[in-house]
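In my numbering, the protein residues as written are 271 to 538. Cβ coordinates follow ideal geometry from the N, Cα and C atoms, glycine included. Beneath this line is the structure, given in structure tokens, with notes to follow.
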Amino acid sequence: MLKFSSLFLVILVVLIAHPVDSQHNATTIIVFNINRPLVLSCNLTLPEINGTREIQWYKNGTHVGDVEELRERYQVISEEQMFVIERTHVEDHGLYSCALDTNTTSAEMNFKAVAHVAARLTKETQLIEGENLWLHCRVIGTDPVISWILPDGKNTTVTNSTDRVSLFEMDGIPNAALEILNVHLDERGNYTCVVRNLDAEMLGHEPTKAYGMVRVRSHLAPLWPVCGTLVEFFILFIILYFYEKYRDPEDVDDDSVCDYMPKGSKRN
């Protein structure tokens, strides 16, 4: 009985000396707009957090104070357990965490900050039939996924290269550029660049769309102004020709023709 009591006492002492009380939360997704504030709220509720112990903030596992691109751009509000970036850059996306570690307690919250995607496409592109069409969808944001909607009357969505449409990677972003060789007249219209972020869509954010009008003229189009000028001259020539051919010679007024006489001359 004595041995059992001693063993129980030893186990109890070990448990008291090294208790572990941890709080772990699933990662929370936060979508922010570039150039707008990013605010993360920790909301840890532990007795040790009473204003005497400061919560530490990390980005991608590195303390925010050691992250070069965050230097002098963020603010930690200890009383409210908040981390704030007043004016965000696209590089501010990543995995953030707030943590409190003591000898007796471990607690943390994790955040995935996602920069909302934005896209821009040339408003209008003019081509002549037979030329090559090239469209570049300029995108910023976190992990953009790009597809294209063609103006073929069916709103065909293209996510991979086809026989007529080739998609290329630009600036490290897949499908950011579209090319059509030897463009046809029926390929003119409004092209749409659709940009998605899967994390943002999970929170109900709509895809971002950019539009570009493509105008395709016939390869004979440059000749139309010349043809128009030739037709005008031809019509004018026909009018003058028939006027001179069919006018009545008696319509000419001799007095009006001979009103001007040199000084000293006499009429007959």
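- Beta-carbon to beta-carbon, residue 401 and residue 453 are separated by about 6 Å, close enough to satisfy the 8 Å threshold.
- The Cβ atoms of residue 417 and residue 427 lie closer than 8 Å to each other.
- Look at residue 488 here: in three-state DSSP terms it is coil, with no helix or strand label.
- DSSP, reduced to helix, strand and coil, places residue 499 within a helical segment of the structure shown.
- Secondary structure of residue 356 (DSSP, three-state): coil.
- Cβ neighbours of residue 408 within its own chain (closer than 6 Å, five residues either side excluded): 390.
- The Cβ neighbour count for residue 348, taken over all protein chains shown within 10 Å, is under 16; the residue is labelled exposed.
- Apart from sequence neighbours up to five positions away, the residues of its chain that approach residue 455 with a beta-carbon distance below 6 Å are 399 and 486, ordered along the chain.
- DSSP places residue 424 outside both helix and strand once states are collapsed to three, so it counts as coil.
- Spatial neighbours of residue 351 in its own chain (CB-CB distance under 8 Å, excluding positions within 5 residues in sequence) are listed in chain order as 311, 312, 313, 314, 319, 325 and 368.
- Rounded to whole angstroms, the separation of the alpha carbons of residue 506 and residue 500 is 10 Å.
- At the C-beta level, residue 386 and residue 475 come within 8 Å of one another.
- Across the structure, residue 469 and residue 397 are spaced so that their CA atoms are roughly 38 Å apart.
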